[in-house]
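Trainee: Below is one structure. I have some questions about it.
Protein chains in written order, with this note's numbering: chain D, 345 to 585; chain Y, 56 to 177.
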């Protein structure tokens, strides 16, 4: 066997699996961190409501309210980290500098956190709560956009890679089943490419407002990809017999 | 000019005749300054040759690199044909397993719990 195939191919496969396992483990860790921050925030809210009902002193309530806000921002930060990880794994479209505005949200979060730390009274913190609510809604919108782009990117990558597999098979297998699978893949890929380029032109708010349509389209294309995968697996099976 | 040069040559002969071994270098250096232009032709020739030689080396290295690339591409093409059918089936199967579309999760965003801030007031 050629030296390159003998050593480089297994090495590439091992590196790929390590990276896949690494990415999945990172996502799981980020989700666990978010869940833990969310639990701390819920506890801070419960503690504050107790203080309120006990007619505690102003200073006790101020500190309780501050803790609610600080833990809420910790949760927002953990939520953003999950989507930042997805954002980092996708490439911007041609001519696109960066995807969305999630990166800017980290700067805003720092500013808001400073405002909360500097607040002296409950009234100051009430204003901070209003700002945090607005900020949280903006973060959700940014993350929704990242999720849309992530799904589109993953679908596009799956088409590219499945095409590579089909072409690789075509170089040594001649069967009707493979031709049908290739035709179906090519036609679906052309349709997806048009859809993808249309979606890339949309602004964050436009894409978010058509999020349900996007989900249903990605599900539709994933089904075609899944069916093609199954067909190609059958072709491979027959080729190995 | 001719006269001037003769005087200098004469100076040199005189100096050379009465030279002290330790001053030999100084006398020769004086003669060299008087009778040659400030452009040191042999030195320039050496420098230019070195530059040309280096440039030639760079050009040859680049050409060689490109031909290596072509050779690698050809080799890559030959890898598939040099593999047995079983190896090719194995390769394409592992590629198919890697590129599974089941990684596309359309409900991830909806399934992530949201922070309950809207209903909370101090």
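Heads up, the beta-carbon is just placed ideally off N, CA and C, and yes, glycines get one too.
In this text, all values refer to a predicted model and were calculated from it rather than measured experimentally.
Just reading off the alpha helix (DSSP H) that residue 517(D) is part of, what are its end residues?
Mentor: Translated into the one-based positions of the first chain, residue 517(D) becomes position 173. Premise fails: residue 517(D) is in no alpha helix (DSSP H) and is neither H nor E.
Trainee: Nearest to residue 547(D) by CA position, among 474(D), 425(D), 472(D), 488(D), is which residue?
Mentor: As a first step, residue 547(D) is located in the first chain; it is residue number 203 there, counting from the start. The shortest Cα separation from residue 547(D) among 474(D), 425(D), 472(D), 488(D) belongs to 488(D).
Trainee: Return the Cβ separation of residue 569(D) and residue 502(D) in integer angstroms, given the expectation that the two are a contact with Cβ distance under 8 Å.
Mentor: Within the first chain, the letter at position 225 stands for residue 569(D). Within the first chain, the letter at position 158 stands for residue 502(D). Going by Cβ atoms, the distance from residue 569(D) to residue 502(D) rounds to 5 Å, so yes, they are a contact pair.
Trainee: To the nearest angstrom, report how far apart residue 554(D) and residue 442(D) are at their CA atoms.
Mentor: Working through the first chain from its first residue, we reach residue 554(D) at position 210. Working through the first chain from its first residue, we reach residue 442(D) at position 98. Whole-angstrom Cα-Cα distance: 21 Å.
Trainee: What does the alpha-carbon distance come out to for the pair residue 370(D) and residue 483(D)?
Mentor: Against the first chain, residue 370(D) aligns to sequence position 26. Against the first chain, residue 483(D) aligns to sequence position 139. One alpha carbon belongs to residue 370(D), the other to residue 483(D), and they sit about 21 Å apart.
Trainee: Would residue 360(D) be called buried (16 or more neighbouring beta carbons within 10 Å of its own) or exposed?
Mentor: In the first chain, the residue the question calls residue 360(D) occupies position 16. Here residue 360(D) scores only 48 on pLDDT, less than 50, and its place in the model is too uncertain to base an answer on.
Trainee: Is any beta-carbon of chain D found at less than 8 Å from that of residue 168(Y)?
Mentor: Counting from one through the second chain, the residue named residue 168(Y) turns up at place 113. Yes, residue 168(Y) lies at the interface with chain D (some Cβ there is under 8 Å from its Cβ).
Trainee: DSSP state of residue 154(Y), grouped into three classes?
Mentor: Position 99 of the second chain holds residue 154(Y). Coil, per DSSP.
Trainee: Along the alpha helix (DSSP H) that carries residue 580(D), what are the first and last residues, could you check?
Mentor: For the purposes of this step, residue 580(D) is taken as the residue at position 236 of the first chain. Counting along the chain, the alpha helix (DSSP H) containing residue 580(D) begins and ends at 555-584.
Trainee: Taking the alpha-carbon positions, what's the residue 537(D) to residue 434(D) distance?
Mentor: For the purposes of this step, residue 537(D) is identified with residue 193 of the first chain, where counting begins at 1. For the purposes of this step, residue 434(D) is identified with residue 90 of the first chain, where counting begins at 1. Whole-angstrom Cα-Cα distance: 17 Å.
Trainee: Leaving out five residues on either side along the sequence, give the residues of the same chain with a beta carbon under 8 Å from the beta carbon of residue 485(D).
Mentor: Against the first chain, residue 485(D) aligns to sequence position 141. Only 548, 549, 552 meet the Cβ criterion.
Trainee: So, is residue 496(D) buried or exposed, given that buried needs 16 or more other C-beta atoms within 10 angstroms?
Mentor: Sequence index remark: in the first chain, residue 496(D) carries index 152 (1-based). So residue 496(D) counts as buried.
Trainee: Residue 407(D) touches chain Y at which residues, Cβ-Cβ below 8 Å?
Mentor: On the first chain, residue 407(D) is found 63 positions in, with the first residue counted as 1. Under the 8 Å cutoff, chain Y gives no residues; its nearest Cβ is about 12 Å from residue 407(D).
Trainee: Consult DSSP for residue 121(Y) and reduce its assignment to one of helix, strand or coil.
Mentor: Counted from its first residue, the second chain places residue 121(Y) at position 66. Low local confidence applies: a pLDDT of 47 at residue 121(Y) is under 50, so the model's placement there is unreliable, with the coordinate-based value given in what follows. Here residue 121(Y) sits in helix by DSSP.
Trainee: For residue 378(D), is the classification buried or exposed, using 16 other Cβ atoms within 10 angstroms of its Cβ as the cut-off for buried?
Mentor: Along the first chain, read from residue 1 onward, the residue named residue 378(D) stands at position 34. Counting Cβ neighbours within 10 Å, residue 378(D) comes out buried, since at least 16 surround it.
Trainee: Please go through the same chain and pick out, in chain order, the residues whose beta-carbon is closer than 6 Å to the beta-carbon of residue 419(D), but skip the five residues on each side of it.
Mentor: Translated into the one-based positions of the first chain, residue 419(D) becomes position 75. Exclusion of the five residues before and after residue 419(D) leaves 381, 382, 385 as the residues of its chain whose Cβ lies within less than 6 Å of its Cβ.
Trainee: Okay, do the segment 513-533 of chain D and the segment 572-579 of chain D touch, 3+ Cβ pairs below 8 Å being the bar?
Mentor: yes
Trainee: Could you spell out where the alpha helix (DSSP H) holding residue 138(Y) opens and where it closes?
Mentor: Counting from one through the second chain, the residue named residue 138(Y) turns up at place 83. Looking at the DSSP string, residue 138(Y) is not in any alpha helix (DSSP H), and its letter there is neither H nor E.
Trainee: According to the neighbour-count rule (16 or more other Cβ atoms, all chains shown, within 10 Å of its Cβ), is residue 451(D) buried or exposed?
Mentor: Mapped onto the first chain, residue 451(D) falls at position 107. It is exposed - the Cβ of residue 451(D) has fewer than 16 other Cβ atoms within 10 Å.
Trainee: Between the Cα of residue 166(Y) and those of 565(D), 447(D), 375(D), 422(D), spot the shortest distance and give me the residue it belongs to.
Mentor: Indexing the second chain from 1 puts residue 166(Y) at position 111. Per the Cα distances, 375(D).
Trainee: Taking one C-beta from the segment 463-472 of chain D and one from the segment 399-408 of chain D each time, how about it: are there three or more such pairs within less than 8 Å?
Mentor: yes
Trainee: Please list, in chain order, all residues of the same chain as residue 457(D) whose beta carbon is under 8 Å from its beta carbon, the five residues on each side excluded.
Mentor: To locate residue 457(D), count along the first chain from 1; it is residue 113. Excluding positions up to five away in sequence, the list reads 414, 417.
Trainee: Residues of chain Y with CB closer than 9 Å to the CB of residue 443(D), please, in chain order.
Mentor: Start at 1 with the first residue of the first chain, and residue 443(D) comes out as number 99. The contacting residues do not exist; residue 443(D) stays about 15 Å from chain Y at best.
Trainee: Looking at the structure shown, is residue 465(D) part of a helix, part of a strand, or coil, going by DSSP?
Mentor: What you label residue 465(D) is simply residue 121 of the first chain in a count that begins at 1. Of the three classes helix, strand and coil, the one that applies to residue 465(D) here is coil, per DSSP.
Trainee: With a CB to CB cut of under 6 Å and the five nearest residues on each side skipped, what residues in its chain are close to residue 558(D)?
Mentor: The residue labelled residue 558(D) in the question sits at position 214 within the first chain. If we look at residue 558(D) and ignore the five residues flanking it on each side, its Cβ neighbours are 492.
Trainee: Let me know if residue 439(D) comes out buried or exposed under the rule of 16 or more other beta-carbons within 10 Å of its beta-carbon.
Mentor: On the first chain, position 95 is the one that residue 439(D) refers to. By the neighbour-count rule (16 or more Cβ atoms within 10 Å), residue 439(D) is not buried but exposed.
Trainee: My output table needs one value for residue 171(Y): the three-state DSSP class, helix, strand or coil.
Mentor: As a position in the second chain, residue 171(Y) is number 116, starting the count at 1. Residue 171(Y): coil per DSSP, three-state reduction.
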